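Below: the structure, in structure tokens.
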Amino acid sequence: MSSYCSTCIKLQKMHKNAEYVALKAHRICQCNYECSSAKMETIGVIEYFQDRQLKYTTYYGDGDSKGFLSVQNIYGINSVLKLECIGHIQKRVGSRLRKLK
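Numbering-wise (full-length UniProt numbering), the sequence shown opens with residue 1 and increments by one.
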């Protein structure tokens with residue numbers, strides 16, 4: 001999932017010459033979503049859960065993840081457990097401790 005395409009950005013900066021025409025005719029745009037990154041994360045998590053033929057019971061995420069909220073009840077009430085990535089916890093705690101200095 002991406003809301004950015006380097007080829008489209010390059011085309012916007014180019015002069016309309018033969019190279020521009022050739023690139024535009026043969027490009028494949030990588031942009032497939034036009035929304036905020038938080039919304040994209042939520043959409044991605046839902047699609048990931050729905051595309052697989054497995055039932056997920058655990059979601060690993062960061063502390064501010066909106067993705068979990070979108071799938072926590074996907075199989076019924078509280079059917080998916082959230083575990084937090086220790087790296088994200090360390091980062092948040094470390095940032096708060098440094099602010100106390």
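In this text, a Cβ means the ideal position worked out from N, Cα and C, and glycines have one as well. If you're wondering where the values come from, they're calculated on a predicted model, not measured in any experiment.
Which residues share a DSSP beta bridge with residue i?
| i | result |
| --- | --- |
| Gly61 | Glu84 |
| Ile9 | Bridge partners of Ile9: none, in fact. |
| Gly94 | The partner list for Gly94 (beta bridge, DSSP) is empty, contrary to what the question assumes. |
| Ile74 | Gly76 |
Mind checking which residues open and close the alpha helix (DSSP H) that includes residue i?
| i | result |
| --- | --- |
| Ser70 | Gly67 to Val71 |
| Ser37 | Ser37 to Asp51 |
| Glu19 | Ala18 to His26 |
Apply the 10 Å Cβ neighbour rule to residue i and answer buried if 16 or more other Cβ atoms are within range, or exposed otherwise.
| i | result |
| --- | --- |
| Gly67 | buried |
| residue 105 | Not covered by the structure: residue 105. The range shown for the chain is 1 to 101. |
| Glu41 | buried |
Cβ of residue i within 8 Å of Cβ of residue j?
| i | j | result |
| --- | --- | --- |
| Asp62 | Glu47 | no |
| Tyr60 | Val71 | no |
| Gly44 | Met1 | yes |
| Leu11 | Tyr20 | yes |
| Cys29 | Thr57 | no |
For residue i, which of helix, strand or coil comes out of DSSP?
| i | result |
| --- | --- |
| Ile89 | helix |
| Lys55 | coil |
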